[in-house]
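Novice: Quick note on my numbering: the sequence shown kicks off at 74 and runs consecutively. We put the CB at the ideal spot given by N, CA and C, even for glycine. Owing to the predicted nature of the structure, the values given are computational and were not obtained by experimental measurement.
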Amino acid sequence: GARILDGASASVPSAGVTCLVGPSGSGKSTMLRSCNRLEVATGGVVRFRGDDLLSLEPLGHRRRVGMVFQRPTPFPGTVRDNLLVARPDAGDELLASCLERAGLTASFVDRVADELSGGEQQRMCLARTLVTEPEVLLMDEPTSALDDRATGVLEQLACGLACGDRPVPILWVTHDRAQVSRIAEYCITVCDGRVVDG
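Encoded structure:
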């Protein structure tokens with residue numbers, strides 16, 4: 074019966090990397106998941122580009138607002154199989170492009186997903202999200218299970234995506250203040266279910 078978010082109100086800029094920060098249990102992940110309709114608010118309104126999310130078809134919205142989770146979730150089969158789960162009609166050119174945008178070469182397409190390293194699996198999951206050509210990316214502590222090198226690679230990729238030729242704004246949940254200083258152009262701070270800054 075407790076309110077996870079209580080009177081929280083914030084706007085996310087339509088460009089760059091915005092970090093959503095705060096202590097554990099403050100409501101960061103719930104706020105992020107609300108942006109993708111993985112959580113549905115019992116009160117208030119969540120809007121995407123002016124539209125109430127409850128008025129939008131969930132699957133279509135999730136293709137526009139892609140999500141990368143805390144731990145990589147490879148499906149059985151090859152990298153190609155994993156990418157085609159997200160977009161069955163994707164051709165080889167699109168698959169190669171998304172892998173390259175996620176920091177993997179096109180040669181990964183025929184690799185077995187379960188045999189990739191943790192960092193490679195997370196980048197494959199990023200490519201799987203990119204294959205739907207999202208307008209926005211939500212990232213829920215995507216580096217928490219990665220070593221420092223893999224973390225640095227993913228941070229650089231995210232910043233490149235947010236500011237590249239085809240920019241994709243990113244909302245990134247983290248509790249790591251050093252990470253915020255490396256990647257954030259904007260910051261929203263949540264504490265006890267309320268937005269206290271941002």
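Does the stretch 151-160 come close enough to the stretch 175-184 to have 3 or more Cβ pairs within less than 8 Å?
Specialist: yes
Novice: Starting from Cys-92, trace the alpha helix (DSSP H) both ways and give me its first and last residue.
Specialist: Element bounds for Cys-92: not the alpha helix (DSSP H) but the beta strand (DSSP E), 90-94.
Novice: With 16 as the cutoff for other CB atoms within 10 Å, does Gln-229 come out buried or exposed?
Specialist: exposed
Novice: Looking at the structure shown, is Thr-151 part of a helix, part of a strand, or coil, going by DSSP?
Specialist: strand
Novice: Quick test of your reading: Val-263 and Ser-82, contact by CB under 8 Å. State the CB separation rounded to the nearest angstrom.
Specialist: With a Cβ gap of about 11 Å, Val-263 and Ser-82 do not count as contacting.
Novice: Need the endpoints of the alpha helix (DSSP H) that Cys-275 sits in, please.
Specialist: Outside the shown range of the chain, which is 74 to 271, sits residue 275, and nothing can be said about it.
Novice: In whole angstroms, what is the alpha-carbon distance linking Phe-121 and Val-85?
Specialist: 10 Å
Novice: What runs of the alpha helix (DSSP H), each 4 residues or longer, lie entirely inside the stretch 86-145?
Specialist: 101-107 and 131-137
Novice: Let me know the secondary structure DSSP gives Val-253 once reduced to three states.
Specialist: helix
Novice: For Val-241, which of helix, strand or coil comes out of DSSP?
Specialist: coil
Novice: Across which residues does DSSP place Arg-174 in a beta bridge pair?
Specialist: Partner(s): none; Arg-174 has no beta bridge.
Novice: Is Pro-207 closer than 7 Å to Ala-88 when the C-beta atoms are compared?
Specialist: no
Novice: If I follow the unbroken alpha helix (DSSP H) through Arg-196, where does it start and stop?
Specialist: Taken as a continuous stretch (DSSP letters only), the alpha helix (DSSP H) holding Arg-196 covers 191-203.
Novice: Assign Thr-91 to buried or exposed, taking buried as 16 or more other Cβ atoms, counted over all protein chains shown, within 10 Å of its Cβ.
Specialist: buried
Novice: Give the secondary structure of Leu-210 by DSSP, where H, G and I count as helix, E and B as strand, and everything else as coil.
Specialist: strand
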